[in-house]
Amino acid sequence: MRNYFVLIFCIIQIFICEKKAYSQKDTAVNEGNHFLKTIKKELIGKISESISIANVPADTVIKNDVSFQRYEGLIIRNIFIQEVNFGSSIYNTTQVNKNFLTRIADKLHSKTKENIIRKNLYFKEGDAVFPYLISDNERFLRELPTFRM
Numbered sequence: 007m008r009n010y011f012v013l014i015f016c017i018i019q020i021f022i023c024e025k026k027a028y029s030q031k032d033t034a035v036n037e038g039n040h041f042l043k044t045i046k047k048e049l050i051g052k053i054s055e056s057i058s059i060a061n062v063p064a065d066t067v068i069k070n071d072v073s074f075q076r077y078e079g080l081i082i083r084n085i086f087i088q089e090v091n092f093g094s095s096i097y098n099t100t101q102v103n104k105n106f107l108t109r110i111a112d113k114l115h116s117k118t119k120e121n122i123i124r125k126n127l128y129f130k131e132g133d134a135v136f137p138y139l140i141s142d143n144e145r146f147l148r149e150l151p152t153f154r155m
């Protein structure tokens with residue numbers, strides 16, 4: 007009796023495996039979905055690029071430490087932390103881009119407290135200026151989860 011169950015089980019397994027080997031997929035349905043998925047992916051990619059990436063030519067990109075080179079060796083007297091609104095440039099704070107979306111984002115995003123920024127600085131008042139240290143600190147601050155979006 008036990009041998010019959012084993013034999014029936016083996017025959018069923020053979021038919022199931024054989025059916026999978028010779029069956030074909032319906033590609034007509036998947037091609038339509040693939041087309042829509044590709045369009046959605048491209049559209050979302052273009053929108054996210056236009057929002058997040060500043061189109062800066064490669065020849066205008068400068069190293070971070072270059073802007074601090076002229077202050078090398080000087081003593082840091084005071085450290086002022088300036089608040090910059092959402093959508094404003096950190097290089098030119100006089101230029102203000104105020105459209106509907108930036109005003110909403112400015113109201114919704116939370117401000118980082120000054121003591122959190124001060125705790126994450128690699129230097130303090132009275133230290134000498136080292137351009138590489140300041141540029142590394144800038145990179146470190148930008149990578150912190152509190153400053154990332």
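Going by this note's numbering, the sequence shown opens with residue 7, and the numbers climb by one from there.
Backbone N, C-alpha and C fix where the C-beta goes; we use that ideal spot for every residue, glycine too.
Query: May I ask you to report which of helix, strand or coil DSSP gives N122?; Result: According to the sequence displayed, residue 122 carries Ile and not Asn. Helix.
Query: Can you find a CB in chain B that lies within less than 8 Å of the CB of F15?; Result: The structure shown contains no chain B; it is built from a single protein chain.
Query: Whole-angstrom Cβ separation of I82 and D133, contact assumed at under 8 Å?; Result: 5 Å
Query: Excluding five sequence neighbours on each side, which residues of the same chain lie with their C-beta closer than 8 Å to the C-beta of Y138?; Result: D71
Query: State yes or no: is the C-beta of K117 within less than 8 Å of the C-beta of E149?; Result: no
Query: Who are the near neighbours of I123 in its chain, counting only those whose CB is closer than 8 Å to its CB and skipping five residues on each side?; Result: I87, L147
Query: If you check the beta carbons only, do E48 and F136 fall under 8 Å apart?; Result: no
Query: So the alpha helix (DSSP H) L147 belongs to, where does it begin and stop?; Result: 137-149
Query: Would you identify the three-state DSSP class for I81, choosing helix, strand or coil?; Result: strand
Query: Is it buried or exposed for I140, if we count other Cβ within 10 angstroms and need 16 for buried?; Result: buried
Query: Taking T108 as part of the alpha helix (DSSP H), name the residues at either end of that continuous run.; Result: 106-114
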